[in-house]
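*Asks:* Mind having a look at this structure? Questions to follow.
Numbering (my numbering), first residue to last: 1 to 349.
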């Protein structure tokens with residue numbers, strides 16, 4: 001029995017050797033690619049030849065009087081090997097009394113001190129992308145009467161710059177006068193006042209989602225209906241919404257307890273576009289609690305802004321108003337001391 005087993009093992013070994021010999025008897029060649037390197041692409045822009053951007057434009061914005069318009073341009077270049085999408089926003093606004101004149105002091109002795117300039121500065125914006133043959137394209141049109149407080153901290157899409165290309169950005173700042181009604185005009189209270197601000201640019205690869213996260217929050221405040229400055233109190237709210245689904249939740253504190261309020265997308269001009277309202281501009285309604293807290297949930301209508309909105313395509317206004325002042329499509333009364341207003345326009349989707 002042992003001899004038979006040994007013979008079997010010997011035969012199996014010969015077969016295995018034969019199989020292996022047959023496998024490796026074919027002609028063959030092996031090549032190896034060595035030292036492969038994965039390199040991430042680059043996204044880097046320069047502005048007016050600066051990288052990082054350090055230039056300021058204060059020289060263009062001095063001694064501005066009612067009805068004056070001041071304009072300046074800068075050029076964004078894309079020296080990298082990839083096209084980029086570019087957004088812009090104005091941020092870090094700080095206002096101060098600056099130089100106080102006798103006429104200013106006389107007026108403020110009656111009205112109280114004030115220096116909040118953003119609601120009184122109209123803004124427009126144009127871009128020209130090199131090589132596209134379109135010249136300057138209007139992003140914010142003067143006829144829309146978009147104010148600086150409308151776009152404070154709001155990212156505005158400028159366009160796409162091809163690899164090796166450039167974009168010229170032209171913008172103007174117009175101090176409102178009586179000719180700009182219904183935008184309120186500045187009077188002597190504004191003499192010598194200053195507004196400092198930052199201009200920030202964001203460049204991203206094509207296919208990216210932009211400078212804001214999917215879940216966005218719009219802060220809302222009650223404002224003085226004369227100066228449009230934020231009133232420092234506990235009356236405020238936050239609208240958090242998903243840019244993919246439009247689902248939103250508003251939580252805040254209203255002016256009055258046990259009162260009906262409606263959250264609305266308000267489309268200019270006054271009293272609101274009824275057609276847009278019927279299409280879903282009433283976002284939701286609720287009654288404030290005894291401690292004035294209020295919560296409203298729902299889904300944003302799409303698009304915001306609607307093409308019939310005077311603010312299109314820059315963005316739309318979100319307000320919390322008295323339910324008794326709104327008929328489901330447009331405003332029927334004006335009680336601004338009870339309202340919450342957006343801190344900047346929004347876009348959806």
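For each residue, glycine too, the CB sits at the ideal point set by N, CA and C.
Please state whether the Cβ-Cβ distance between residue 334 and residue 202 is less than 7 Å.
*Replies:* For the purposes of this step, residue 334 is taken as the residue at position 334 of the chain shown. For the purposes of this step, residue 202 is taken as the residue at position 202 of the chain shown. No, the pair does not count as a contact, with Cβ atoms beyond the cut-off.
*Asks:* Between residue 163 and residue 83, which are expected to be in contact by the criterion C-beta below 8 Å, what is the C-beta distance as a whole number of angstroms?
*Replies:* The sequence position of residue 163 within the chain shown is 163, counting from 1. The sequence position of residue 83 within the chain shown is 83, counting from 1. Cβ atoms of residue 163 and residue 83 come within 8 Å of each other, at about 6 Å.
*Asks:* Going residue by residue through the region 87-151, where are the continuous alpha helix (DSSP H) segments of at least 4 residues, counting only ones entirely within it?
*Replies:* 102-111, 148-151
*Asks:* Would you report the Cα separation of residue 199 and residue 57, rounded to the nearest angstrom?
*Replies:* Taking the chain shown and counting its residues from 1, the one referred to as residue 199 is at position 199. Taking the chain shown and counting its residues from 1, the one referred to as residue 57 is at position 57. Residue 199 and residue 57: Cα-Cα distance of roughly 10 Å.
*Asks:* May I ask you to report which of helix, strand or coil DSSP gives residue 247?
*Replies:* Taking the chain shown and counting its residues from 1, one reaches residue 247 at position 247. It is a strand residue.
*Asks:* Nearest-angstrom Cα distance between residue 298 and residue 48?
*Replies:* As a position in the chain shown, residue 298 is number 298, starting the count at 1. As a position in the chain shown, residue 48 is number 48, starting the count at 1. Going from the Cα of residue 298 to the Cα of residue 48 covers about 45 Å.
*Asks:* Does the distance from the C-beta atom of residue 160 to that of residue 85 stay below 7 Å?
*Replies:* For this step, residue 160 is matched to residue 160 along the chain shown. For this step, residue 85 is matched to residue 85 along the chain shown. Yes, they are a contact pair.
*Asks:* At the level of alpha carbons, what is the spacing between residue 345 and residue 316?
*Replies:* As a position in the chain shown, residue 345 is number 345, starting the count at 1. As a position in the chain shown, residue 316 is number 316, starting the count at 1. Roughly 5 Å separates the two Cα atoms.
*Asks:* Residue 240 and residue 217 look like a contact to me (Cβ under 8 Å); what is the Cβ gap, rounded to whole Å?
*Replies:* Reading the chain shown from its first residue, position 240 is the one you call residue 240. Reading the chain shown from its first residue, position 217 is the one you call residue 217. Confirmed, Cβ separation roughly 5 Å.
*Asks:* Kindly indicate the opening and closing residues of the beta strand (DSSP E) around residue 70.
*Replies:* Start at 1 with the first residue of the chain shown, and residue 70 comes out as number 70. Unbroken beta strand (DSSP E) run through residue 70: 69-77.
*Asks:* Hey, quick one: how far does the beta strand (DSSP E) through residue 198 stretch, first residue to last?
*Replies:* Walking along the chain shown from the start, residue 198 turns up at place 198. Looking at the DSSP string, the run of the beta strand (DSSP E) that includes residue 198 is 194-205.
*Asks:* Just the Cα atoms here: how many angstroms apart are residue 121 and residue 174?
*Replies:* For the purposes of this step, residue 121 is identified with residue 121 of the chain shown, where counting begins at 1. For the purposes of this step, residue 174 is identified with residue 174 of the chain shown, where counting begins at 1. Using only the alpha carbons, I get a separation of about 5 Å.
*Asks:* Would you say residue 221 and residue 232 are within 7 Å of each other, going by their C-beta atoms?
*Replies:* Against the chain shown, residue 221 aligns to sequence position 221. Against the chain shown, residue 232 aligns to sequence position 232. Not in contact: residue 221 and residue 232 (Cβ atoms no closer than 7 Å).
*Asks:* State yes or no: is the C-beta of residue 75 within less than 7 Å of the C-beta of residue 166?
*Replies:* Position 75 of the chain shown holds residue 75. Position 166 of the chain shown holds residue 166. A contact, by the Cβ cut-off of 7 Å.
*Asks:* Hey, residue 281 and residue 261: beta-carbon distance below 7 Å or not?
*Replies:* As a position in the chain shown, residue 281 is number 281, starting the count at 1. As a position in the chain shown, residue 261 is number 261, starting the count at 1. Taking 7 Å as the Cβ cut-off, residue 281 and residue 261 do not qualify as a contacting pair.
*Asks:* Judging by CA-CA distance, which residue of 124, 62, 256 is the nearest neighbour of residue 151?
*Replies:* Position 151 of the chain shown, counting from 1, holds the residue named residue 151. For residue 151, the closest alpha carbon among the candidates 124, 62, 256 is that of 124.
*Asks:* Can you tell me the Cα-Cα spacing of residue 289 and residue 310, whole angstroms?
*Replies:* Taking the chain shown and counting its residues from 1, the one referred to as residue 289 is at position 289. Taking the chain shown and counting its residues from 1, the one referred to as residue 310 is at position 310. Taking the straight line from one Cα to the other gives about 35 Å.
*Asks:* Report the start-end ranges of each beta strand (DSSP E) in the region 232-313 that is 3 residues or longer and not cut off at the edges.
*Replies:* If we require 3 residues or more, the beta strand (DSSP E) runs fully inside the region 232-313 come out as 236-242, 247-253, 260-266, 282-287, 293-299.
*Asks:* Within its chain, find whatever has a CB closer than 6 Å to the CB of residue 195; leave out the 5 residues flanking it on each side and keep chain order.
*Replies:* Locating residue 195 in the chain shown gives position 195, counting from the first residue. If we look at residue 195 and ignore the five residues flanking it on each side, its Cβ neighbours are 95, 117.
*Asks:* Under a three-way DSSP split, which group does residue 188 fall into?
*Replies:* Residue 188 sits at position 188 when you count from the first residue of the chain shown. In the structure shown, residue 188 sits in a helix (DSSP, three-state: H, G or I).
*Asks:* What is the DSSP secondary structure of residue 345, counted as helix, strand or coil?
*Replies:* Mapped onto the chain shown, residue 345 falls at position 345. Residue 345 falls in the coil class under three-state DSSP.
*Asks:* Where does residue 112 land, buried or exposed, given buried means 16+ other C-beta within 10 angstroms?
*Replies:* In the chain shown, the residue the question calls residue 112 occupies position 112. Exposed.
*Asks:* With distances taken Cα to Cα, identify the nearest neighbour of residue 77 among 256, 101, 51, 149.
*Replies:* For this step, residue 77 is matched to residue 77 along the chain shown. Answer by Cα proximity: 51.
*Asks:* Looking at the secondary structure, which residues open and close the beta strand (DSSP E) in which residue 173 lies?
*Replies:* The residue you call residue 173 lines up with position 173 of the chain shown. Taken as a continuous stretch (DSSP letters only), the beta strand (DSSP E) holding residue 173 covers 166-175.
*Asks:* How many angstroms separate the CA atom of residue 109 from the CA atom of residue 183?
*Replies:* Within the chain shown, residue 109 is the residue found at index 109, counting from 1. Within the chain shown, residue 183 is the residue found at index 183, counting from 1. Spanning the two alpha carbons is a distance of roughly 24 Å.
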